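Those protein sequence lines, which keep their order, are chains A, B and C. Residue numbers for the first sequence follow numbering that gives the first Met the number 0, beginning at 0 and rising by one. Residue numbers for the second sequence follow numbering that gives the first Met the number 0, beginning at 0 and rising by one. Residue numbers for the third sequence follow numbering that gives the first Met the number 0, beginning at 0 and rising by one. Every residue, glycine too, gets a C-beta built ideally from N, C-alpha and C. All figures in this text were calculated on a predicted structure; none of them were measured in a lab. Read the structure below first, then the notes.
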Amino acid sequence: MKKAIAPALVLALTILAGSAGSVRTTSEAFVEGAAAALARPAFPAGVKDRDYKFEAKEDTRKSFPMADPALPAELFIDNIFGGINVQAADVASVEVSVRKTIKATTQDRIAKAKTEVDLKITQKGNTVDLFVDGPFRDEERKRRGARWNDPGYIVVYEFTVKVPRRTRLGLKTVTEGDIAVHGVDGGFDISHVNGQVTLDGIAGAGEAETVSGDVKAVFTRNPGAVCAFKTVSGDVDLSLPDGLAADLRLKSMTGEALSDFAVTSLPAEPIKSEKRDGRTVYSRGGFTGVRIGKGGPEIRCETFSGDILIRKSK
Amino acid sequence: MTDDALMRAVRDGQVEKLAVLFERHQVPLFNFFLRLTGNGAAGEDLVQDVFTRILKYRATYQGEDRFQVWMYKIARNAHIDHLRKRKNALPLDELPLEPTGREAGPEERNERREEAELVTKALAELSPKKKEILMLSRFQNLKYREIADLLGCPVGTVKGLVHRTVAELGEIIARLTKETCRHEM
Amino acid sequence: MKCEDIRNRLPDALTGEMESAERSSFDAHIADCGACGHELRRLSETWMRLGVLPTAQPSAALSNRFYAMLEAEKARAADAPALPGHTQRWKSLFQGAHPPRLAFQFGLGFVLLVAGIGGGFFLGTHGLSGGRIADLSREVQDMRQSMALTLLGQSSSSERLRGVGYSERVGDPAPQTIEALLRTLDTDPSVNVRLAAADALYLFAKNPAVKDGIVRSLSGQESPIVQVALIDLLVDLREKRAVDSLRALIDKSTLDPAVRKQAENGIRQLTL
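Have a look at this one:
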């Protein structure tokens, strides 16, 4: 079920605005809302096509022992260009590996990039914070997201981080990579724009979103608190263990929602059902919520043009 | 169902509810345009134009104004566009005269007819702006505050204009009455 | 009442819009003042005469045209992609136009679920109606809030901007966070950060402390951009208590003319 990853934010939004029919105000409001919500610079569609003839690479490794190994660790990454890969291991420290690649149109822009863009690393107790800072951060604030003044370079940071099993994650990036998390148990707050978000073998509850890409999550333990998974032009694909008891809230404009689990309707809205080829098929009609098992914390899944898949893991 | 509730339903997808609003407002709207343009066919075109625009821009309805105020904003714009496109036709003999109210005797009906013709002629002498503000306040049940919002000017200005317009209309009627008498003599 | 006042109120008398309190002093004056009484009678007579204008009936053609247009629009709307809240559209989608092909592709025991579209579609729940989902797990909320508070106290403006960003994503901010945002709005050395704080506070405007804070902040702001942003915010929130602040602002001789215009506009809008 591979969906082509659409180009940068602006292009994706343009496509959406165009396809939402004649009611411009609704799609305009949506577009504005999406842009404002993500509060990121809107990149021109041609970032990938720029002629970055010059490159400079730099690798860094840093290890951050936990102040209190008995408590969960906390990792924040706030990036713009580049993917993030987080792997849980039996460690009592956060081990960060960063590959920094400067790509520029001229040689002296490489130097410019070195002075203007910086990775700020701080640790406070069990919290490790990695923040990519540059001129694009302090841009002229307009209510609808800022313009990106092309400086003739981009600085890509690719993060590979090993963390203790119990870690809370706050991960953000925009493009030029995906976000992948493996085996972590803890709250998650993940925000991406142009790329896929994959949470594999995780436990805990939180929020994961992207704009152009799928959001996939495989849980080893059913979430005990509210979760939200959102994308625009991608699927929401969740795998949850047998015995799931939750209330699902589902929204998809043009896609479908499919589930391995048996569902019952949530009290507010009635559903009609009919049999089709031996499978039970439910009709839509203003229906937004279904209950799995005896119900429980809310799991919200939203997509615009993609599908919602709720799998039962073995 | 209130106008506002109906329009929200239209906005949110139940376009057929616009029919209720049409049935409620087609006559007052038609008369509004008729008295402004003096032309029955133009009046109908304009009513159709207003509902076409309501349908087209239904997503923009927010219910901030009363529905009628919103509708008359659209009506004004339609009328302004109409004025720009064509010269104001004024064949008064086209005016359909169907009296409302109780059935009256033949003399009374004649008198009413003459009276109506007189007032209509007098109205025709007013500038479009004055006619419009008079119609809005006298016939379309809009409060001065709402008219001010519609026209984008202070309430005081609206009231002053209504005052002057009514006074002016009175003078025109007086003059026309004298002329008619002279004519009939 | 004086004759001048009566003149101003004559239109209200004509439409019957006058309040009863005013009406009695109005009538009292009319009874005594020949000139005003005459004026009222003159206008009333004309006003009444307008009543003879017949209520014309449009022809049947108008109805026909309208209903034809409505049918055409209904047909056209059915072809357009589904819109939020447009429940009719979902029924027709289901009726064969959108077969559940995925179920077969996966070969797993899938059940086609209902995916409703009530309300608005939101990515980021960032609409003007409020901040993020308030009931998102405590853990994630706390993470964001504590980051926000830490960052708002940092020395670099980009860190503080980041802090404002985190605060926006807290569903139900603690008083501590609101205070920090208000403090940032009042005292942050960077205009950008203050603007960002204003945007964030707007999301939490249901909280009366926020509205009060914004009104108070307005009088202390020096930057025209921030002043305008706050005025816009207060008008948007229909905060009538801001009117006094706006008036005080206009009285400042050093006020930027663009801000003055905005403030005057704001007063007009709020006193409507």
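Candidates the options, of which the one nearest residue i by Cα
| i | options | result |
| --- | --- | --- |
| PHE187 of chain A | A:VAL85, A:ARG108 and A:ILE291 | A:VAL85 |
| SER96 of chain A | A:VAL160, A:ASP67, A:PHE303 and A:PRO296 | A:VAL160 |
| THR54 of chain C | B:LEU33, B:GLU63 and B:PHE66 | B:LEU33 |
| LEU150 of chain C | C:PRO207, C:ARG215 and C:ASP187 | C:ASP187 |
| THR45 of chain C | B:ILE132, B:GLU178 and B:ALA173 | B:ALA173 |
| LEU49 of chain C | B:THR156, B:VAL157, B:GLY159 and B:LYS120 | B:LYS120 |
| THR270 of chain C | C:ASP255, C:VAL242, C:ASP250 and C:SER154 | C:VAL242 |
| ASP67 of chain A | A:GLY124, A:PRO150 and A:GLY242 | A:GLY124 |
| LEU82 of chain B | B:ALA58, B:PRO153, B:THR59 and B:ASN38 | B:ASN38 |
| LEU54 of chain B | B:ALA40, B:ILE79, B:PHE31 and B:ALA18 | B:ALA18 |
| THR156 of chain B | B:ALA166, B:LEU35 and B:ARG144 | B:ARG144 |
| THR314 of chain A | A:LYS171, A:VAL235 and A:ALA110 | Since the first residue of chain A shown is 0 and the last is 313, residue 314 of chain A is not available in this structure. |
| VAL192 of chain C | C:ASP231, C:GLY164 and C:ARG168 | C:GLY164 |
Collapsed DSSP secondary structure at residue i in the structure displayed
| i | result |
| --- | --- |
| SER238 of chain A | strand |
| GLY50 of chain C | helix |
| VAL131 of chain A | strand |
| GLN86 of chain A | strand |
| SER136 of chain B | helix |
| ALA271 of chain C | Before going further, note that residue 271 of chain C is Leu rather than Ala in the sequence given. The answer is coil: DSSP assigns LEU271 of chain C none of H, G, I, E or B. |
| PHE158 of chain A | strand |
| CYS32 of chain C | coil |
| ALA96 of chain C | Bear in mind that the predicted position of ALA96 of chain C carries a pLDDT of just 26, short of 50, making it too unreliable to give a figure here. |
| GLN13 of chain B | coil |
| SER181 of chain A | For the sequence presented, residue 181 of chain A should be read as His rather than Ser. In the structure shown, HIS181 of chain A sits in a strand (DSSP, three-state: E or B). |
| THR104 of chain A | coil |
| ASP117 of chain A | strand |
| GLU167 of chain B | helix |
| GLY39 of chain B | helix |
Residue i versus residue j - alpha carbon distance
| i | j | result |
| --- | --- | --- |
| LEU5 of chain B | ALA67 of chain C | 20 Å |
| ALA20 of chain C | ILE29 of chain C | 15 Å |
| SER272 of chain A | THR176 of chain C | Confidence at SER272 of chain A is low in this model, with a pLDDT of 47, below 50, so its placement is unreliable and the value that follows should be read with caution. When rounded, the distance between both Cα atoms is 48 Å. |
| SER58 of chain C | ARG52 of chain B | 20 Å |
| THR179 of chain B | GLU116 of chain B | 11 Å |
| VAL289 of chain A | PHE158 of chain A | 38 Å |
| GLY305 of chain A | LEU135 of chain B | 51 Å |
| ALA74 of chain C | LEU247 of chain A | 34 Å |
| ARG182 of chain C | LEU245 of chain C | 21 Å |
| ASP117 of chain A | ASP3 of chain B | 55 Å |
| LEU70 of chain A | GLU206 of chain A | 22 Å |
| LEU236 of chain C | TYR201 of chain C | 8 Å |
| PRO296 of chain A | ALA199 of chain C | 28 Å |
Residues near residue i in its chain [Cβ-Cβ closer than 8 Å; skip 5 each side]
| i | result |
| --- | --- |
| LEU9 of chain C | GLU38, LEU39 and LEU42 |
| ASP148 of chain B | ASP64 and VAL68 |
| ARG283 of chain A | Because ARG283 of chain A carries a pLDDT of 32, less than 50, the predicted location of this residue cannot be relied on, and the following value inherits that uncertainty. So the list is empty, once near-sequence residues are dropped. |
Residues near residue i by beta carbon distance below 6 Å, same chain, minus five either side
| i | result |
| --- | --- |
| VAL183 of chain A | ALA87, THR166 and ILE201 |
| LEU248 of chain C | ALA262 |
| GLY162 of chain C | ALA147, LEU150 and LEU151 |
| ASP128 of chain A | PHE75 and THR121 |
| GLU115 of chain A | GLY133 and PRO134 |
| ALA256 of chain A | LEU249 and ILE307 |
| ILE109 of chain A | PHE53, ALA55, ILE101 and ALA103 |
Cβ of residue i within 9 Å of any chain B Cβ
| i | result |
| --- | --- |
| GLN261 of chain C | no |
| SER62 of chain C | yes |
| ALA197 of chain C | no |
| TYR201 of chain C | no |
| ALA76 of chain C | yes |
| LEU181 of chain C | no |
Chain C contact for residue i (CB, 9 Å cutoff)
| i | result |
| --- | --- |
| ARG144 of chain B | yes |
| LYS129 of chain B | no |
| ASP148 of chain B | yes |
| SER136 of chain B | yes |
| ARG23 of chain B | no |
| ALA224 of chain A | yes |
| ALA18 of chain B | yes |
Cutoff 9 Å: residue i Cβ touching any chain A Cβ
| i | result |
| --- | --- |
| GLU221 of chain C | no |
| ARG41 of chain C | no |
| MET146 of chain C | yes |
Cβ neighbours of residue i in the same chain (closer than 7 Å, five flanking residues each side left out)
| i | result |
| --- | --- |
| GLU158 of chain C | LEU150 |
| VAL262 of chain A | VAL289, ARG290 and ILE291 |
Near the ligand PLP: residue i beta-carbon under 8 Å from a heavy atom
| i | result |
| --- | --- |
| GLY159 of chain B | The ligand content of the structure shown is nil, which means the ligand PLP is not present either. |
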